[in-house]
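Reviewing the structure listed below.
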Amino acid sequence: MPELAYNRKASFDYEFLEKYEAGLVLTGHEVKSAKKGHISLQGSYVVIRGQEAWLLNANIAPFQPKNAPPDYDPLRTRKLLLHKHEIQSLIGKTHQKGLTLVPIRVYTKKARVKIEFALARGKRKADKRGKIIERESKRDINRALRGKY
């Protein structure tokens with residue numbers, strides 16, 4: 003499963019509660035561009051409208067800018083393919099206060115472009131600082147252990 007894009011900022015800003023996998027509806031030149039790695043998940047999010055899931059603000063650059071269709075929008079809204087029962091459970095869970103759907107990564111699986119997104123809760127500044135302090139202390143411990151041997 004080659005990874006095409008990863009949203010690093012999401013793991014720092016959000017606490018993931020549940021992860022989901024969905025198919026991504028793309029046009030032909032978007033698939034080629036995504037497989038080449040010209041996709042960015044910065045600032046993108048997933049919403050449920052009606053009985054369908056949609057990916058918003060994901061940037062897929064044109065595969066060949068000179069040959070791109072004249073009406074091509076790299077930030078267009080893209081449909082996600084999920085089972086009906088998954089969408090129903092997501093509708094109930096996203097109505098809870100403070101929960102949102104955040105894309106984590108885009109990858110290929112059997113020549114299909116898939117997206118992994120999570121039901122997430124935003125972290126507070128104190129949580130982020132605690133995580134940074136914990137990471138630095140682990141780094142210091144590892145340095146000290148390496149120095150002994």
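Note that our numbering gives residue 138 to position 136 of the sequence shown, counting from 1, and the numbers run on in steps of one.
Note that beta-carbon positions come from the ideal geometry of N, C-alpha and C, so glycine has one too.
For clarity, every value in this text was computed on a predicted model and none was experimentally measured.
Nearest residue (CA-CA) to residue i, options the options
| i | options | result |
| --- | --- | --- |
| Lys111 | Tyr16, Phe18 and Gly25 | Gly25 |
| Lys86 | Thr79, Ala128, Arg51 and Val104 | Arg51 |
| Pro64 | Leu82, Glu88, Val48 and Ala36 | Ala36 |
| Pro4 | Arg131, Arg114, Ile93 and Glu136 | Arg114 |
| Ile62 | Glu54, Val33, Ala128 and Arg148 | Val33 |
| Asn69 | Gly30, Glu17 and Ile134 | Gly30 |
| Ala128 | Leu6, Ser91 and Tyr16 | Tyr16 |
| Glu88 | Glu23, Arg131, Leu6 and Ala122 | Glu23 |
| Ala122 | Arg148, Lys95, Gly132 and Lys130 | Lys95 |
| Gln90 | Thr102, Pro71, Asp75 and Glu54 | Glu54 |
Rounded distance between the beta-carbons of residue j and residue i, thought under 8 Å
| i | j | result |
| --- | --- | --- |
| Tyr59 | Gly39 | The amino acid occupying residue 59 in the given sequence is Asn; Tyr does not appear at that position. With a Cβ gap of about 18 Å, Asn59 and Gly39 do not count as contacting. |
| Ala146 | Leu19 | Not really, about 35 Å apart at Cβ, beyond 8 Å. |
| Leu82 | Ile117 | 7 Å |
| Arg126 | Asn9 | Not really, about 20 Å apart at Cβ, beyond 8 Å. |
| Arg80 | Leu57 | 5 Å |
| Tyr74 | Leu6 | Not confirmed; about 19 Å, so no contact. |
Environment of residue i [buried if 16+ CB atoms lie within 10 Å]
| i | result |
| --- | --- |
| Leu43 | buried |
| Pro105 | buried |
| Val27 | exposed |
| Ile1 | Beyond the ends of the chain as shown, which are 3 and 151, falls residue 1; an answer cannot be given. |
| Ile143 | exposed |
Where residue i sits in the DSSP three-state scheme
| i | result |
| --- | --- |
| Thr79 | coil |
| Ala55 | strand |
| Gly30 | helix |
| Arg137 | helix |
| Gly94 | helix |
| Pro64 | coil |
| Ala70 | coil |
| Ser35 | helix |
| Ser13 | helix |
| Leu114 | Looking at the sequence provided, one finds Arg at residue 114 rather than Leu. In the structure shown, Arg114 sits in a strand (DSSP, three-state: E or B). |
| Leu19 | strand |
| Leu121 | strand |
| Leu2 | Beyond the ends of the chain as shown, which are 3 and 151, falls residue 2; an answer cannot be given. |
Cross-strand partners of residue i (DSSP beta bridge)
| i | result |
| --- | --- |
| Gly25 | Leu83 and Lys116 |
| Pro105 | Phe119 |
| Ala128 | DSSP, once it has assigned bridges, lists no residue as partnering Ala128. |
| Ala7 | Val108 |
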